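Our numbering runs 101 ahead of the 1-based position in the sequence shown. Ideal Cβ positions, reconstructed from N, Cα and C, are used throughout, including at glycine. This structure is a prediction, so every number in the text was calculated from the model and none was measured. Working notes, beginning with the structure itself.
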Amino acid sequence: MQNCSRKIIIGWCILSLICPICAEPYNTPDVDGIIEISQNDWEADELIADDPPDDSYWSGNDLDNIWLTWDANYIYLGVEYSISNNAMLLYVECGKDGGVTDFNSERDYSGSYPRNITFPDSVGIDLMVASWNAQNPNVYLVADSSTTEITSSCIVATGGSYQQEIAIPWNAIYSDIEDIVFPGAQLKLVGIIAGGDNWGAADALPDNPAIDGGEGPHRLDEFISILIDSDYDGIPDFSGAYISGTVQFDDTAFSEPPYPSARISAYSIPSGEFFSESFSSVEDGSYLLAGVEIGESYDIIASANGFIPDSAISIMISEDSNVVDFVLMPYTGIIYGNVEPADVQTILFAIAENETIGFGDTTQIGDGYYQITHIPTGAYDVLVDPQSVDYVNQIIEGVEVNQDEQVELNIILERAGVVREVDDVSGDDYGPGWYSYPTDRVFVDGAFDIEYVKIRDLTTEGTYQFEIKVGQIPDSSVVWWSPYYSVLNLQKIDIYVDCHSGGASVGLPSRNIKFSSTDAWDFAISADGWWKGLFASNGQDIFANFTQNVSAVEISADSAMNTIYITVDKSALTDNIGQADTTRFEQWDFIVLMLGHDSPDDMSGVRWVNSGTNNQWQFNGGAESDIDPNVIDLLTMPGLDQYGNPKQPGRTQEEMLDYTIQTPVVLESHRSYDISPPVISFDIPDSMQYLTGTDGIYIEVEIDDDVEVSEALLYWRNVGELEWRTPIPLGFRELTACFVGDLPAELVNPDSFEFYFFAQDPSANISYNPQDYADTAEPQPPVYPYSTVSPNPNRIIPTAQQIDTVKYRIAVNTFLDSLVKKFPDGTVIRMRREEISPDADTINIEFSGWSIPDSMETKSPDLVDFQQYRILKIYSQDTANVFLTPQFLSFHYFEDADSPFQHYAEENFVLATLNRTTHTWIYSGGKNDIHSNSIDMLSELDTMTILGLFSLTGLSADDQPIANVIISPNPFSPNNDGIVDWTNITIHSNYPGNVDMDIFDMEGKLIKTLSRNIQVWEGRNEN
């Protein structure tokens, strides 16, 4: 008769049964976060639930598969799913008393992961596995409306494809019984994808009809039922027979329990291959190795850390009991000594090949003596772990030990380098001086009050650690919201680092702050109980161009000490300039901000400051509009200047955060100073291209200064001319982070011309490029023609080349996030990967400065005085539209003394797109930058887009057209049902007045006119 596995799946409603098959005995899959069917991993019949794809109410959040198996020591769970900012939960009924039927914290549940989920009275959940957003799962025992975390007793792993594996010890579930499990033990299991605290679910496995993706409550009535012990012997079912016995430890140190846990391993004879293993009980030394095959022989080996292995050779398995006892003798090597200073409790242990050897020790405060015992002959590394952040971990390598030998090793702790420390005034957690806390009881006094900040240079780990002491961190009895860092439920910390030239002058989103030019930040660290990360500004003020790193930052907190620890990897402090120079750390400036955390659970999740004095969940004392900073407390940590002198302190917290003086507020760590001249960087190409039909040769140059660039000029002349032409002013263009200008193409000799750059800062420090003088000499304009005495031997005299069209062919798979393409006239298009049609393998772009063909008669706008055209042709696979959404264009135009642009206010220049069907120009708006002669806009791009630049001549120089017209949602299908019902139209203007908006159909017929009177509010008075 065939001997089938005794693992039995009872089944569940709706989903079909997955029948058991004949299988090898107990299975022990590899818990590594990768679920696969193989000899060393999962068996096919251990897939207990297979959910249809895409049956979730929330896109991108779907349970797929649940796996389950066990051996004598663990129950193993595998989960496959997809998720986006939500929770995956497995609820298990194990048959214990006190199980929970309602997981809503507003209805007396006080445990972790409260959700609006209920169960029938006949089902009490007593085990829960939970993971937020595919983080490593946590395991909880559930009883009496609360939870006890047992993750540290389990083995958990998360793979890269939303796969998770969990091994839970039987004795962690059934801890109060002599058997391994309850006799006749049966599990009921259901998995869900759920939202945040006290919210409902979007998907369940098995399916549960109550789930609808809403708030809930959702009652779960359908379960997977698993019979663990069908013969009521208190042992999880298995096939074959078992070996049992006791492991004794011949060691006076373990004369009473708890004993070490020994590993009992079986190897097949004659192959010698590993067959199965079990572990002895720490309570009485007993073990049970189940699943061995009757009539087969095995070698059995018992081993434990710190003890000499014992073995039983060629054990023949019978149908009756198979009892094998072991006695383990200890290794007797010892490493001992004293740790100084003795007033620091220190943990020490020995390792070899990444495994702990023997038994480590912990020194007592005041007594630095330690002993590491039970060590065999060998060479070991001794790990030293001081239980104080004032000292760093150490590794003492290559300590030689012989059996029966005692080796003395005295250790002096290495102090963690506190490289900067600043105290803050206690009780100044009031923003500009009048903010107050939300009124709810969880916002305890001092929770947002910074008392001091210490920065440590942890050289061993290659990190900087920020220790931030606050007035009070409430424990979990007061507030328990955070899913990751259980102590950090209220605070959000920002740390802005200015370590080299350049940087961003705007804060992270939702802060409502800016930074002075001398404190423009290069890196920003943000951390709270839900999210942590590092940003590099890359010298720009555009958030989309910041570089984000979420793995380089670690965070922890101690509610007993009211201290928050944030650690950042030094190697991650890398931006567009390169690796931050840590040898100049003394010159770095830091600004530490204390904010409150609120949803969303990411970098932008900030608790806002509102007006009034009685807000339960928002800070009080703000303005009627969002002009106030959401900063509750701050601390500045300026470094030394380049001469080694302390920088002078900047304004006080109250002055900097006072939004009645300046909005947005501007932060600084020290008073502004300006020592260095501007730095000009320019690589001269072999030739410079400009488009037919355009009037200027576009020039970009990088100019940086420690404060700001007050003036930048381009001097030029044709080769052979003695005098320099009138210099061309250069304006800063934020998109490219460069200063830009245009040479007049019709005046430039196409063969060769000469030019140089001049820059000046507010302190009258000047610089030139190219540079023909020594660094110690007074700056002077460069000398032409090229001379061998020039310190810039790479300087060349370029030529100007006129081209009709520039063409790009871009493979879509060559960029992951976004790609910026720049055309010779300075026009820029930014493409985002997510906005490109999935049908597009390549993008073909043709851009030219042609005029519109005479054959294409156009109807001009009413207020038109001049037109400058660009033709942009974008296509993929001949005619397919490439983009799914409007794309960002920055349109650059040329301006000189003879240009029509000189006759009108540049603020009134607008872009229009030619409708090639109706031959009508359609006003597209745009945001003007008069300093860099550019207009930024979002434009619908089809296979050939024709853009025109117009002046609204009906407006005076002091007027400005409306801008930033946003129509949302899509008026042709706002809720994706194809039925037109409503849409919002928002506009921007800096001046009051009446606005009329005409709406036409595609044939040009007027459908409706909307009128609105605009009142402009500057955000200060009560208007």
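Worksheet entry | Cα-Cα separation, T252 to S232 | By 1-based counting over the sequence shown, the position of residue 252 is 151. By 1-based counting over the sequence shown, the position of residue 232 is 131. Going from the Cα of T252 to the Cα of S232 covers about 12 Å.
Worksheet item: Is D620 helix, strand or coil when you go by DSSP?
Response: Here the question's residue 620 lines up with position 519 in the sequence shown. D620: helix per DSSP, three-state reduction.
Discussion item. Which of the three DSSP states is assigned to W143 in this structure?
Written reply: Sequence index remark: in the sequence shown, residue 143 carries index 42 (1-based). W143: strand per DSSP, three-state reduction.
Worksheet item: According to the Cβ coordinates, are V425 and G317 closer than 8 Å?
Response: As a position in the sequence shown, residue 425 is number 324, starting the count at 1. As a position in the sequence shown, residue 317 is number 216, starting the count at 1. In this structure, G317 does not lie closer than 8 Å to V425 by Cβ.
Item to complete: Give me the Cα-Cα distance between I448 and S578, rounded to the nearest whole angstrom.
Response: Position 347 of the sequence shown, counted from the first residue, corresponds to residue 448. Position 477 of the sequence shown, counted from the first residue, corresponds to residue 578. Rounded to whole angstroms, I448 and S578 show a C-alpha spacing of 30 Å.
Practice prompt. Answer with buried or exposed for N1095, where buried requires no fewer than 16 other C-beta atoms within 10 angstroms of its C-beta.
Written response: For the purposes of this step, residue 1095 is taken as the residue at position 994 of the sequence shown. That one is exposed.
Worksheet item: Is the beta carbon of E803 sitting closer than 8 Å to the one on P863?
Response: Position 702 of the sequence shown, counted from the start, is the residue given in the question as residue 803. Position 762 of the sequence shown, counted from the start, is the residue given in the question as residue 863. No, these two residues do not count as a Cβ contact at 8 Å.
Worksheet item: From S891 to Y874, what does the alpha carbon distance come to, in whole angstroms?
Response: Translated into the one-based positions of the sequence shown, residue 891 becomes position 790. Translated into the one-based positions of the sequence shown, residue 874 becomes position 773. Any reading at S891 needs caution, since the residue's pLDDT is 44, under 50, leaving its predicted position unreliable; the model's value is listed next. Approximately 8 Å between the Cα atoms of the pair.
Discussion item. Just to confirm the assignment, what range does the alpha helix (DSSP H) spanning Q754 have?
Written reply: On the sequence shown, position 653 is the one that residue 754 refers to. Q754 to M757 is the extent of the alpha helix (DSSP H) around Q754.
Item to complete: Assuming A413 and I436 form a contact by the criterion Cβ under 8 Å, report the distance between their Cβ atoms to the nearest whole angstrom.
Response: Within the sequence shown, numbered from 1, the residue matching residue 413 stands at position 312. Within the sequence shown, numbered from 1, the residue matching residue 436 stands at position 335. With 8 Å as the limit, A413 and I436 do not qualify as a contact, their Cβ atoms being about 32 Å apart.
Fill in: In chain order, each beta strand (DSSP E) run of at least 3 residues that lies wholly inside the region 768-846
780-782, 788-792, 797-805, 812-819, 832-834 and 839-845
Item to complete: Identify every run of the beta strand (DSSP E) within the region 589-656, keeping only runs that are complete inside it and at least 3 residues long; order them along the chain.
Response: Counting only runs of 3 or more, we get 592-599, 614-616, 624-629, 633-637 and 648-650.
Worksheet item: Within 10 angstroms of its Cβ, does N217 collect 16 or more other Cβ (buried), or is it exposed?
Response: Mapped onto the sequence shown, residue 217 falls at position 116. By the neighbour-count criterion, in which a residue is buried when 16 or more other Cβ atoms sit within 10 angstroms of its Cβ, N217 is buried.
Fill in: Range covered by the alpha helix (DSSP H) that runs through W582
The residue you call residue 582 lines up with position 481 of the sequence shown. No alpha helix (DSSP H) holds W582; DSSP gives it neither H nor E.
Practice prompt. Kindly indicate the opening and closing residues of the alpha helix (DSSP H) around I274.
Written response: Residue 274 sits at position 173 when you count from the first residue of the sequence shown. I274 -> alpha helix (DSSP H) spans W271 to I274.
Practice prompt. Just the C-alpha distance for A99 and A305, rounded to the nearest angstrom, thanks.
Written response: In this structure the chain extends from 102 to 1124, so residue 99 is not present and cannot be described.
Fill in: Buried/exposed call for H771, threshold 16 Cβ in 10 Å
On the sequence shown, position 670 is the one that residue 771 refers to. Result: buried.
Worksheet item: Residues in its own chain within less than 7 Å of R1113 by CB, not counting five upstream and five downstream?
Response: By 1-based counting over the sequence shown, the position of residue 1113 is 1012. The beta carbon of R1113 is closer than 7 Å to those of V1096 in its chain, skipping five residues each way along the sequence.
Worksheet item: Does the region 385-401 come close enough to the region 335-351 that 3 or more CB-CB pairs lie under 8 Å?
Response: Enough Cβ pairs lie closer than 8 Å, so yes.
Worksheet entry | Beta-carbon contacts of L228 that lie in its chain and below 7 Å, excluding the five residues immediately before and after | Along the sequence shown, one-based indexing puts residue 228 at 127. Correct list, in chain order: V193, C195, L242, V243 and I274.
Discussion item. By the three-class DSSP mapping on this structure, what secondary structure does R1113 have?
Written reply: Position 1012 of the sequence shown, counting from 1, holds the residue named residue 1113. If DSSP states are grouped into helix, strand and coil, R1113 belongs with the strands.
Worksheet item: Tell me which same chain residues have a C-beta within less than 6 Å of the C-beta of N590, skipping the five on either side of it?
Response: The sequence position of residue 590 within the sequence shown is 489, counting from 1. Within the same chain, Cβ atoms closer than 6 Å to the Cβ of N590 are found at V580, W582, S583 and G630, the five residues on either side in sequence being excluded.
Worksheet item: How big is the Cα-Cα spacing for S366 and S381?
Response: In the sequence shown, the residue the question calls residue 366 occupies position 265. In the sequence shown, the residue the question calls residue 381 occupies position 280. Roughly 11 Å between the two C-alpha positions.
Discussion item. Buried or exposed, going by whether 16 or more other CB atoms sit within 10 Å of the CB of L985?
Written reply: As a first step, residue 985 must be located in the sequence shown, where it is residue number 884. Counting C-beta atoms within 10 angstroms of its own C-beta, L985 has fewer than 16 neighbours from the protein chains shown and is therefore classed as exposed.
Worksheet item: Looking only at its own chain, which residues have a Cβ that is under 6 Å from the Cβ of M695, when we skip the five neighbours before and after it?
Response: The residue you call residue 695 lines up with position 594 of the sequence shown. Excluding sequence neighbours, M695 sits near F549, I551, I733 and D734.
Worksheet item: Any idea which residues DSSP pairs H1032 with across the strands?
Response: Start at 1 with the first residue of the sequence shown, and residue 1032 comes out as number 931. None, per the DSSP bridge assignment.
Worksheet item: Does the distance from the CB of T943 to the CB of I911 come in under 8 Å?
Response: For the purposes of this step, residue 943 is taken as residue 842 along the sequence shown, with counting starting at 1. For the purposes of this step, residue 911 is taken as residue 810 along the sequence shown, with counting starting at 1. Yes.
Fill in: Cβ-Cβ separation, Q264 to L328 (assumed contact under 8 Å), whole Å
Counted from its first residue, the sequence shown places residue 328 at position 227. Counted from its first residue, the sequence shown places residue 264 at position 163. Incorrect: roughly 26 Å between the Cβ atoms, too far for contact.
Practice prompt. State the DSSP-derived secondary structure class of N1135, mapped to helix, strand or coil.
Written response: The question about residue 1135 has no answer here: the residues shown for the chain are numbered 102 through 1124.
Practice prompt. For the beta strand (DSSP E) containing P939, list its first residue and its last residue.
Written response: Residue mapping note: residue 939 aligns to position 838 of the sequence shown, counting from 1. Neither: P939 is in no beta strand (DSSP E) and is coded neither H nor E.
Worksheet item: What three-state label does DSSP hand T219 in the structure shown?
Response: The residue labelled residue 219 in the question sits at position 118 within the sequence shown. Reduced to three states, the DSSP call for T219 is strand.
Discussion item. Taking 8 Å as the threshold (beta carbon to beta carbon), is D146 in contact with chain B?
Written reply: Here chain B cannot be found, since the structure has a single protein chain.
Worksheet entry | A303 vs N162 beta-carbon contact at 8 Å | Mapped onto the sequence shown, residue 303 falls at position 202. Mapped onto the sequence shown, residue 162 falls at position 61. Result yes, Cβ atoms of A303 and N162 sit closer than 8 Å.
Worksheet item: For F686, which of helix, strand or coil comes out of DSSP?
Response: Residue numbering aside, residue 686 sits at position 585 when the sequence shown is read from its first letter. Looking at F686 - three-state DSSP - the assignment turns out to be helix.
Worksheet item: Can you tell me whether DSSP reads E207 as helix, strand or coil?
Response: Counted from its first residue, the sequence shown places residue 207 at position 106. If DSSP states are grouped into helix, strand and coil, E207 belongs with the helices.
Worksheet item: Are the region 740-747 and the region 563-577 touching, with three or more C-beta to C-beta distances below 8 Å?
Response: no
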